[in-house]
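K.L.:
What the sequence shown shows, in my numbering, is residues 54 to 344, in sequence order. Glycine residues also receive a C-beta, built at the ideal position from the N, C-alpha and C atoms. Have a look at this one before I ask anything.
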Amino acid sequence: MLLCVDSDAASLEATAETLRDAGFTVAEAATTAAARDHVDDDLDALVTEQSLPDGTGLELVREVRETVPDTPCFLFTDVPIEEIDTAAFGDIVVEYVPKDSPEARAELLDLVEHAVAFRSQTAYPLPENEEARLAALERYAVEPDALGESFDRLTEIATELFGVDAAAVGLIDAHEQRFLACHGISLEPMDREDTVCTYAILDDDVTVIEDVREDPRFAENEGLQAANIRFYASSLLRTPEGEAVGTFCIYDDAPREFSTRDRELLELLGAEAMDQLTLRGDRGGAEVADE
Numbered sequence: 054m055l056l057c058v059d060s061d062a063a064s065l066e067a068t069a070e071t072l073r074d075a076g077f078t079v080a081e082a083a084t085t086a087a088a089r090d091h092v093d094d095d096l097d098a099l100v101t102e103q104s105l106p107d108g109t110g111l112e113l114v115r116e117v118r119e120t121v122p123d124t125p126c127f128l129f130t131d132v133p134i135e136e137i138d139t140a141a142f143g144d145i146v147v148e149y150v151p152k153d154s155p156e157a158r159a160e161l162l163d164l165v166e167h168a169v170a171f172r173s174q175t176a177y178p179l180p181e182n183e184e185a186r187l188a189a190l191e192r193y194a195v196e197p198d199a200l201g202e203s204f205d206r207l208t209e210i211a212t213e214l215f216g217v218d219a220a221a222v223g224l225i226d227a228h229e230q231r232f233l234a235c236h237g238i239s240l241e242p243m244d245r246e247d248t249v250c251t252y253a254i255l256d257d258d259v260t261v262i263e264d265v266r267e268d269p270r271f272a273e274n275e276g277l278q279a280a281n282i283r284f285y286a287s288s289l290l291r292t293p294e295g296e297a298v299g300t301f302c303i304y305d306d307a308p309r310e311f312s313t314r315d316r317e318l319l320e321l322l323g324a325e326a327m328d329q330l331t332l333r334g335d336r337g338g339a340e341v342a343d344e
């Protein structure tokens, strides 16, 4: 669903019609307050005027991103860009399309179609198969207690095997990474844009970052700095169908090298963790079938 917000009834109708003609389902609102009623996980994109009776378009964008972080947002507005205090909104990513530009709604439609298809406004990269990956994840999104002590044992073995400070097993859903087991470190769910594993699932092989602070992607990551993580390595939790739903990670507080044999052993631990998840998923399916 797309949400169009504009207090000008004629403009709102024309914009919504353009998007509907392209095959989108569109909800309409004339105010920020009315727009809030449509903000949920089904929202695919927001198109808003900057000047609204009860606030601004950028304020609405910030609210939407707090609820649905990956939502592509567009300011389709009569307000000149130089009159918008964009600095006050930090690093919020939004497309600006002036209504008075030639073929303005056609330009808007092109941008919306691209952003919805490729999620181009996310603060982190997405795998090409993200929708299939998330669909596969639902089968394995079990509670940590359901796995007993198996993952605890694996993470403890990993810390001893590699001589590192900590190890963890985590699943990466649409907006965050949550951890099924940790040893040597306590990790709460993390926003996806803040976790190294978001980038690791883009790789087919074991990911190794010998010095996290020397990697420009993570040099300013306050969470990693607070946890004193300098070395990172992970293997994928890959489903039998090939979807990467999470990672088996190890961490250390000092930069270090990681040999070819180390990579092979970490990959084996990741495969064992995935086997445990698969067995649990199959057992859960059998339980449902028995009922």
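Between the Cα of G223 and those of L214, V217, I238, spot the shortest distance and give me the residue it belongs to.
P.N.:
Looking up residue 223 in the sequence shown gives position 170. Of L214, V217, I238, the residue nearest in Cα terms is I238.
K.L.:
Within 10 angstroms of its Cβ, does R345 collect 16 or more other Cβ (buried), or is it exposed?
P.N.:
Within the shown structure, residues of the chain are numbered from 54 to 344, placing residue 345 beyond reach of any answer.
K.L.:
In chain order, which beta strand (DSSP E) runs of at least 3 residues are fully inside the stretch 69 to 145?
P.N.:
Within the stretch 69 to 145, the complete beta strand (DSSP E) runs of at least 3 residues are 79 to 82, 98 to 101, 126 to 130.
K.L.:
State the Cα-Cα distance for the pair I262 and D305, rounded to the nearest angstrom.
P.N.:
For the purposes of this step, residue 262 is identified with residue 209 of the sequence shown, where counting begins at 1. For the purposes of this step, residue 305 is identified with residue 252 of the sequence shown, where counting begins at 1. Using only the alpha carbons, I get a separation of about 11 Å.
K.L.:
Please find out if some non-hydrogen atom of the ligand MG comes closer than 6 Å to the beta-carbon of T68.
P.N.:
With respect to small molecules bound, the structure shown includes none, and the ligand MG cannot be examined in it.
K.L.:
Determine the direct distance from the alpha carbon of R73 to that of A67, and round the result to whole angstroms.
P.N.:
In the sequence shown, counting from the first residue as 1, residue 67 sits at position 14. In the sequence shown, counting from the first residue as 1, residue 73 sits at position 20. Near 10 Å, if we compare the C-alpha coordinates of R73 and A67.
K.L.:
Measuring CB to CB, does A211 end up less than 7 Å from L322?
P.N.:
As a position in the sequence shown, residue 211 is number 158, starting the count at 1. As a position in the sequence shown, residue 322 is number 269, starting the count at 1. Against a cut-off of 7 Å, the Cβ pair of L322 and A211 comes out as a contact.
K.L.:
I'd like the list of long-range same chain contacts for D247, defined as Cβ closer than 7 Å, with 5 residues on each side in sequence excluded.
P.N.:
For the purposes of this step, residue 247 is identified with residue 194 of the sequence shown, where counting begins at 1. Excluding positions up to five away in sequence, the list reads N274, G276.
K.L.:
Under three-state DSSP, which class holds V46?
P.N.:
This structure does not reach residue 46, given that the chain is present from 54 up to 344, and the question cannot be answered.
K.L.:
If you compare alpha carbons, which of P293, D218, E241, S64 is closest to R158?
P.N.:
Indexing the sequence shown from 1 puts residue 158 at position 105. It is S64.
K.L.:
Could you tell me if A75 is buried or exposed, where buried requires 16 or more neighbouring beta carbons within 10 angstroms of its beta carbon?
P.N.:
In the sequence shown, counting from the first residue as 1, residue 75 sits at position 22. By the 10 Å Cβ count, A75 comes out exposed.
K.L.:
By the three-class DSSP mapping on this structure, what secondary structure does E229 have?
P.N.:
Walking along the sequence shown from the start, residue 229 turns up at place 176. DSSP places E229 in strand when its eight states are reduced to three.
K.L.:
Counting only the same chain and skipping the five closest in sequence on each side, list residues whose C-beta sits under 8 Å from that of A339.
P.N.:
On the sequence shown, position 286 is the one that residue 339 refers to. The pLDDT assigned to A339 is 38, lower than 50, so where the model puts this residue is not dependable, and the model offers no usable value.
K.L.:
A279 lies in the alpha helix (DSSP H); which residues open and close that run?
P.N.:
Start at 1 with the first residue of the sequence shown, and residue 279 comes out as number 226. Taken as a continuous stretch (DSSP letters only), the alpha helix (DSSP H) holding A279 covers 275 to 279.
K.L.:
Pull the bridge partners of C51 from the DSSP assignment, please.
P.N.:
Residue coverage of the chain in this structure runs from 54 to 344, which leaves residue 51 outside it and unanswerable.
K.L.:
Please report the Cβ distance between R118 and I145, rounded to the nearest whole angstrom; I am assuming they are in contact, meaning their Cβ atoms lie under 8 Å.
P.N.:
Numbered from its first residue, the sequence shown carries residue 118 at position 65. Numbered from its first residue, the sequence shown carries residue 145 at position 92. Indeed, because the Cβ distance is near 7 Å, the residues count as touching under 8 Å.
K.L.:
Excluding five sequence neighbours on each side, which residues of the same chain lie with their C-beta closer than 7 Å to the C-beta of E310?
P.N.:
By 1-based counting over the sequence shown, the position of residue 310 is 257. The residues are E263.
K.L.:
I believe T78 touches L55 by the beta-carbon criterion, under 8 Å. Please report the beta-carbon distance rounded to the nearest angstrom.
P.N.:
Walking along the sequence shown from the start, residue 78 turns up at place 25. Walking along the sequence shown from the start, residue 55 turns up at place 2. That belief holds up - the Cβ atoms of T78 and L55 are roughly 7 Å apart, short of 8 Å.
K.L.:
Between L348 and the rest of its own chain, which residues show a CB-CB distance below 8 Å, the 5 nearest in sequence each way excluded?
P.N.:
Outside the shown range of the chain, which is 54 to 344, sits residue 348, and nothing can be said about it.
K.L.:
CB I282 to CB V265, shorter than 7 Å?
P.N.:
Indexing the sequence shown from 1 puts residue 282 at position 229. Indexing the sequence shown from 1 puts residue 265 at position 212. Contact: yes.
K.L.:
Just the C-alpha distance for F284 and E267, rounded to the nearest angstrom, thanks.
P.N.:
Here residue 284 refers to the residue found at position 231 when the sequence shown is read from its first residue. Here residue 267 refers to the residue found at position 214 when the sequence shown is read from its first residue. F284 and E267: Cα-Cα distance of roughly 10 Å.
K.L.:
From D328 to F301, what distance separates their C-alpha atoms?
P.N.:
Sequence index remark: in the sequence shown, residue 328 carries index 275 (1-based). Sequence index remark: in the sequence shown, residue 301 carries index 248 (1-based). Computed Cα separation, rounded: 12 Å.
K.L.:
Looking at the strands, I want to know which residues DSSP matches up with Y285.
P.N.:
The residue given as residue 285 occupies position 232 in the sequence shown. According to DSSP, which records beta bridges pairwise, Y285 is partnered with I262, Y304.
K.L.:
Smallest Cα separation from P151: which of L330, E135, Q278, Y193?
P.N.:
The count along the sequence shown starts at 1 and reaches residue 151 at position 98. Here the closest residue by C-alpha is E135.
K.L.:
Can you list, in chain order, the residues of its chain whose CB lies under 7 Å from that of A87, leaving out five sequence neighbours each side?
P.N.:
On the sequence shown, position 34 is the one that residue 87 refers to. There are no such residues.
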